[in-house]
Amino acid sequence: MNSVKSIVERMDSDELIRLARQLNVSLTERKMKRGLLVETIQGELEEYYREGIPWKKTRLSDLAIQISGLTKKFGKTVAVRGLNLAVRPGQIVGLVGPNGAGKTTTLRILAGIIRPTEGTVQVNGFDMNVHPLKAKQRLGYIPERPTCYPNLKVREYLTFIAKIYRVPPIDATLRMKEYVDLFQLNGLLNAYIGTLSKGNLQRTLLVGIFVRPPPYILALDEPIYGLDPRGAWNLKLLLKKLRDEGSAILVSTHILEVAEGICDRFIIMNEGDVVGKGTLEELLEQTPNAHTIEEIFLELTGGIPDA
Amino acid sequence: MTANTISLLENEIRMLFNHLKRTITTPSMLLFYAIMLVGTYLVSSIIAILGSYEQLFVSVATMLEATIDRSMVMSALGLVSLSAVIGGYFGRGPSVELTETDEYIMMPMPARPYQLFLAKYIRRILRKLGFAFLALLVVLPLVFSSNLLPIPLGGLIVCFIVFMEINYFLGGISFQIRSRLDRRFKTPFRHFILLFLALAAYIPTLPQVTVHPISSLLVPSNAFAYIIMELTGIFAYGLGPLIGVICLFLGYPIVFLVVVNFVDQDYYERFALKTSNEGDESRISRMVRGEVDFSESRFNDPLMWVFLKDFWSKMRKPFQFWKYFYFCIGMAIALYLNIVRPTWLPPLIIPHGLSYAAVPAFLLVLILLTQVASVNALLSFVDEKENIYLLKSSPFKASDIVLAKYLLSLVEVTLTVVPIVGFLAYFMRVEGSFYLLTLVAPLVLIFSATGVMVGAYIPVFTNEPSDPPVPLAFGFPAINIGLGVLLMAILATYAENIQLVQIMPAFVVMVVLGLLALATFALRSYK
Ligand SMILES: Nc1ncnc2c1ncn2[C@@H]1O[C@H](COP(=O)(O)OP(=O)(O)OP(=O)(O)O)[C@@H](O)[C@H]1O
Ligand SMILES: [Mg+2]
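Line by line, the protein sequences give chains A and B.
Residue numbers for the first sequence follow this note's numbering, so the first one is 1 and each next one is one higher.
Residue numbers for the second sequence follow this note's numbering, so the first one is 308 and each next one is one higher.
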């Protein structure tokens with residue numbers, strides 16, 4: 001509850017008025033002391049969340065992401081061959097591999113954009129092919145090349161997302177404020193997305209995921225790419241926090257420092273095949289020649305080049 | 308409709324609205340819109356003053372009644388539906404309307420494919436109606452001077468849109484049938500279904516069927532043909548167009564609902580796989596598609612390099628092959644007609660008394676045809692997509708890039724135009740038509756330059772070089788028609804004067820150089 005209260009304290013007057021309207025606080029007086037309004041709203045919110053904050057109670061299915069026997073062919077190219085993978089709540093799994101290994105293809109199948117040639121994908125216990133809506137409801141996907149509708153304003157986009165995922169308006173307002181602050185998008189809420197820089201676009205998409213209530217099942221394709229050092233640092237911290245709160249996260253990357261910094265387990269892919277999986281320690285055991293994650297990667301994907 | 312469909316629709320309409328708002332609050336865009344609307348309006352008033360077309364319509368109508376018959380109209384429109392069915396079967400169906408952003412934002416959302424389809428479709432219709440309204444507004448002078456009645460004309464346009472939308476849906480249906488069959492069966496015999504679909508679309512439009520008036524109500528293309536005939540009076544039964552209109556408007560929701568029910572994951576999938584490039588083609592088809600490494604060519608001249616690069620990367624599109632195919636076949640037919648002059652296919656002879664109206668009409672046709680062909684020139688920059696920034700930052704002079712684009716556009720436009728000119732030379736015999744046809748050359752020169760100029764300006768206006776803003780795309784024909792009419796005016800003024808041979812080339816050279824200079828300037832001022 002305290003976190004909700006502190007969000008309210010950070011709001012500016014427009015945001016406070018918007019929230020007051022949503023809470024049906026009567027704003028009859030023409031002028032009202034800010035402090036008073038904040039207190040009134042906090043009181044109302046206390047009433048609204050009387051039975052606890054709803055998103056703190058949700059749990060994910062024990063196998064948040066389960067991919068079994070996944071094969072995807074494009075004509076004769078096999079982009080992914082017989083992939084098995086599971087991510088449990090409270091885990092960050094890194095999908096690493098050289099260019100063209102099949103990481104993006106895997107994540108696109110996981111997000112329900114394309115169908116697998118063979119195999120099944122389950123998200124939060126729902127098969128993507130059989131119950132696509134239920135499977136997609138929990139999933140947050142960041143594409144490899146972030147794009148968004150240029151003719152929407154950032155705020156309009158975020159509200160749209162909240163509607164589609166059926167986030168109650170009051171929850172959405174609070175969450176939006178929290179994550180807009182975190183990703184420093186405050187000045188850009190009324191900007192058209194078409195005018196944003198690449199990093200700010202990436203941030204907008206991320207906030208678009210986090211206006212939805214946790215826990216999340218995230219499929220992130222190179223999420224760090226394009227963010228500045230502070231944005232990257234914030235995101236890494238956030239991902240760890242979400243994991244500790246029970247989200248399940250699958251990130252694809254070929255930036256190994258990032259992978260090493262945040263991932264609990266790794267899946268190493270090469271030309272569609274899984275060539276190694278496990279924690280860093282397990283991988284080190286499997287590859288006696290290698291001493292760092294970089295060397296493991298090189299060893300498993302074509303050998304360490306001689307200096 | 309579920310809440311999600313409404314939210315999706317709301318979102319699409321908000322984007323449309325924001326787009327409009329952004330356009331009319333950007334002065335440069337507004338300027339282009341103004342040029343386009345006012346320009347076309349003026350041009351259509353000038354054309355309206357130049358000739359009185361009422362008589363021409365009457366005589367064309369009588370001539371049509373003498374040369375063709377009712378069943379030919381039905382069959383011709385039936386061909387439109389047929390090609391929609393076949394095109395849908397081989398094409399990407401309704402998924403052509405999707406964008407990469409839809410893939411990343413909408414497809415992973417908990418919404419069903421048909422909901423997205425509905426939202427996007429309604430937006431498409433709203434946009435279309437807006438454009439149709441603007442177009443009608445702009446050609447009003449022409450409508451009044453020809454004594455056409457705006458209400459039946461408007462009705463005809465609406466029926467035309469409905470008919471074309473029905474065809475779009477027919478394509479969508481055959482697309483979905485194919486993708487469903489592809490998923491269930493592997494045998495090549497599954498493609499026989501296309502034969503059935505094609506027959507189902509075409510048999511009701513055959514003369515043997517359409518002799519009975521009631522057949523007009525059998526399929527949408529018949530109904531539309533019936534409406535045209537009743538409204539124009541050519542081959543009219545005299546029963547009034549209402550029955551046809553009812554039939555057409557009943558057909559529309561039927562095919563619409565069928566498509567909405569059919570749309571499934573394949574709608575997404577087909578878009579998401581569009582780049583998929585099955586690696587099992589023979590060498591010849593690879594050559595036809597232009598997978599040739601041009602970077603190892605002997606040419607070091609930047610102009611030549613850009614030219615070749617464009618030529619080969621164009622060849623990579625399947626469409627390009629058909630363009631050359633069309634040129635060869637079209638040329639062969641045009642030559643055959645003009646040399647052999649077959650008696651079974653007589654040209655249209657326009658009565659002498661009408662040439663006063665016929666010459667401007669002929670010139671207008673010429674301008675419009677060249678305009679249609681010169682869209683290639685506009686695409687010369689659009690096709691670069693994001694690469695345009697790469698090209699711009701490469702060590703080439705802006706003028707070299709522009710010139711290369713211009714030359715290739717000239718080639719492309721000429722290839723498209725020449726067979727058509729051949730047909731025109733044979734079919735439309737107006738007084739002096741042979742001399743008038745030579746005007747195609749200056750028109751091609753000028754229109755290609757306009758296309759290159761407008762194309763070069765796209766990245767100045769937007770960050771999305773592959774998606775020309777509407778006013779630019781429409782400003783292009785507006786500018787062209789304006790220049791074309793100017794050319795005609797020069798021709799009319801100096802018609803009896805020998806100075807024409809100096810003035811005309813000077814005018815063309817000046818306009819072309821001016822446009823290309825503008826393009827070079829545009830290339831230097833990218834955002
Ligand atoms: N739509 C498609 N059509 C044909 N082939 C495809 C398609 N999408 C991906 N591929 C092929 O599948 C393979 C895997 O591609 P993918 O994009 O998944 O690689 P990746 O691991 O994400 O690489 P990167 O690190 O470069 O992002 C590649 O060989 C690619 O060429
Ligand atoms: Mg990738």
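Built from N, CA and C at the ideal position, the CB exists for glycine as well.
1) Residues with a Cβ closer than 7 angstroms to any heavy atom of ligand 2, in chain order?
2) Please classify R59(A) as buried or exposed, where buried requires at least 16 other C-beta atoms within 10 Å of its C-beta.
3) Indicate the three-state DSSP secondary structure (helix, strand or coil) for G870(B) in the structure shown.
4) Of all the options K72(A), G97(A), D127(A), which has the alpha carbon lying nearest to the alpha carbon of T117(A)?
5) Tell me which same chain residues have a C-beta within less than 6 angstroms of the C-beta of I727(B), skipping the five on either side of it?
6) Any beta carbon of chain A sitting closer than 7 angstroms to that of E319(B)?
7) Express the C-alpha separation of G791(B) and I810(B) in angstroms, rounding to a whole number.
8) Assign I636(B) to buried or exposed, taking buried as 16 or more other Cβ atoms, counted over all protein chains shown, within 10 Å of its Cβ.
9) Assign G308(A) to one of two classes, buried (16 or more other C-beta atoms within 10 Å of its C-beta) or exposed (fewer than that).
10) Does the distance between the C-beta of L580(B) and the nearest non-hydrogen atom of ligand 1 fall short of 6 angstroms?
11) Beta-carbon within less than 6 angstroms of Y696(B)'s beta-carbon, same chain only, minus the 5 sequence neighbours each way: which residues are those?
12) I'd like to know whether the C-beta of P288(A) is nearer than 7 angstroms to at least one C-beta of chain B.
13) Cα separation between S835(B) and A508(B)?
14) From the DSSP output, read off the bridge partner residues of F126(A).
15) If you drop the 5 nearest sequence neighbours on each side, which residues of the same chain put their C-beta closer than 8 angstroms to that of G547(B)?
16) Using a Cβ-Cβ cutoff of 9 angstroms, what residues of the stretch 152-164 of chain A are near chain B? List them in chain order.
17) Mind listing, in chain order, the continuous alpha helix (DSSP H) runs of no fewer than 4 residues lying wholly within the stretch 98-161 of chain A?
18) Between which two residues does the beta strand (DSSP E) carrying F266(A) extend?
19) Using a Cβ-based criterion (distance less than 6 angstroms to any ligand heavy atom), does A101(A) qualify as near ligand 1?
20) Which residues of chain B have a Cβ atom closer than 9 angstroms to the Cβ of P143(A), listed in chain order?
21) In chain order, which alpha helix (DSSP H) runs of at least 4 residues are fully inside the stretch 483-525 of chain B?
22) Could you give the uninterrupted runs of the alpha helix (DSSP H) lying entirely in the stretch 32-66 of chain A, keeping only those of 4 residues or more?
23) F563(B): beta carbon under 6 angstroms from a heavy atom of ligand 1?
24) In whole angstroms, what separates the C-alpha of P213(A) from that of F754(B)?
25) Please indicate yes or no: does the CB of T71(A) lie closer than 6 angstroms to some heavy atom of ligand 1?
26) Can you tell me whether DSSP reads F74(A) as helix, strand or coil?
27) List, in chain order, every chain B residue whose beta-carbon is nearer than 9 angstroms to that of Y192(A).
28) Would you verify that the beta carbon of M322(B) is, or is not, closer than 7 angstroms to some beta carbon of chain A?
29) Who are T253(A)'s beta bridge partners in DSSP?
30) Would you mind telling me which residues of chain A sit closer than 8 angstroms to S314(B), beta carbon to beta carbon, in chain order?
31) Taking beta-carbon pairs under 7 angstroms, can you tell me which members of the stretch 123-139 of chain A lie near chain B?
32) Which residue or residues does DSSP assign as beta-bridge partners of V87(A)?
33) Under a three-way DSSP split, which group does L652(B) fall into?
34) Is the closest heavy atom of ligand 1 to the C-beta of A111(A) under 6 angstroms?
35) Let's test the definition: count the other Cβ atoms within 10 Å of the Cβ of G729(B) and tell me whether it reaches 16, buried, or not, exposed.
36) Name, going along the chain, the residues of the stretch 84-97 of chain A whose beta-carbon falls closer than 7 angstroms to a beta-carbon of chain B.
Per the coordinate set shown:
1) Those residues, listed in chain order, are K103(A), T104(A), E144(A), D221(A), E222(A), S252(A).
2) As a first step, residue 59(A) must be located in the first sequence, where it is residue number 59. The residue is exposed, with fewer than 16 neighbouring Cβ atoms inside 10 Å.
3) This structure leaves residue 870(B) out entirely; chain B is present only between 308 and 834.
4) As a first step, residue 117(A) is located in the first sequence; it is residue number 117 there, counting from the start. The shortest Cα separation from T117(A) among K72(A), G97(A), D127(A) belongs to K72(A).
5) As a working mapping, residue 727(B) is identified with position 420 in the second sequence. So the qualifying residues of the chain are L676.
6) Looking up residue 319(B) in the second sequence gives position 12. For E319(B), the answer is no, since every Cβ of chain A falls outside 7 angstroms of its Cβ.
7) As a first step, residue 810(B) must be located in the second sequence, where it is residue number 503. As a first step, residue 791(B) must be located in the second sequence, where it is residue number 484. Their backbone Cα atoms lie some 15 angstroms apart in a straight line.
8) Taking the first residue of the second sequence as position 1, residue 636(B) is located at position 329. Exposed.
9) Look at the range of chain A in this structure, 1 to 307, and you will see that residue 308(A) is not part of it.
10) On the second sequence, position 273 is the one that residue 580(B) refers to. At least one heavy atom of ligand 1 is nearer than 6 angstroms to the Cβ of L580(B), so yes.
11) As a first step, residue 696(B) must be located in the second sequence, where it is residue number 389. Result list for Y696(B): empty, nothing under 6 angstroms.
12) Numbered from 1 along the first sequence, position 288 holds the residue referred to as residue 288(A). Answer no: the Cβ-Cβ gap between P288(A) and chain B never drops below 7 angstroms.
13) No information on residue 835(B) is available, as it lies outside the stretch 308 to 834 that chain B covers here.
14) The residue you call residue 126(A) lines up with position 126 of the first sequence. Answer is V123(A), bridged to F126(A).
15) The count along the second sequence starts at 1 and reaches residue 547(B) at position 240. Correct list, in chain order: E537.
16) L152, K153, E156, Y157, F160, I161, K163, I164
17) 103-110, 132-137
18) On the first sequence, residue 266(A) is found 266 positions in, with the first residue counted as 1. Its beta strand (DSSP E) spans residues 265-270.
19) On the first sequence, position 101 is the one that residue 101(A) refers to. Yes; taking the cut-off as 6 angstroms, the Cβ of A101(A) has a heavy atom of ligand 1 nearer than that.
20) Residue 143(A) sits at position 143 when you count from the first residue of the first sequence. Under the 9 angstroms cutoff, chain B gives E407, E410, Y411, I412, P415.
21) 499-509, 514-517
22) 34-48
23) Position 256 of the second sequence, counting from 1, holds the residue named residue 563(B). Flag unset: Cβ of F563(B) not near ligand 1.
24) Your numbering for residue 213(A) matches position 213 in the first sequence. Your numbering for residue 754(B) matches position 447 in the second sequence. One C-alpha to the other measures close to 56 angstroms.
25) Sequence index remark: in the first sequence, residue 71(A) carries index 71 (1-based). No - ligand 1 has no heavy atom lying nearer than 6 angstroms to the Cβ of T71(A).
26) Position 74 of the first sequence, counted from the start, is the residue given in the question as residue 74(A). Of the three classes helix, strand and coil, the one that applies to F74(A) here is strand, per DSSP.
27) Locating residue 192(A) in the first sequence gives position 192, where the first residue counts as 1. Within chain B, the residues near Y192(A) are N325, R329.
28) Numbered from 1 along the second sequence, position 15 holds the residue referred to as residue 322(B). For M322(B), the answer is yes, since a Cβ of chain A falls inside 7 angstroms of its Cβ.
29) On the first sequence, position 253 is the one that residue 253(A) refers to. Answer is V96(A), bridged to T253(A).
30) The residue given as residue 314(B) occupies position 7 in the second sequence. Result: F160, K163, I164.
31) Of all residues in the stretch 123-139 of chain A, only L133, K136, Q137, L139 place a beta-carbon less than 7 angstroms from a beta-carbon of chain B.
32) The residue labelled residue 87(A) in the question sits at position 87 within the first sequence. I65(A), per the DSSP bridge assignment.
33) Residue numbering aside, residue 652(B) sits at position 345 when the second sequence is read from its first letter. Looking at L652(B) - three-state DSSP - the assignment turns out to be coil, as it is neither helix nor strand.
34) Stepping through the first sequence from its first residue, residue 111(A) is reached at position 111. Checking the Cβ of A111(A) against ligand 1 gives no.
35) Residue mapping note: residue 729(B) aligns to position 422 of the second sequence, counting from 1. So G729(B) ends up on the buried side.
36) none
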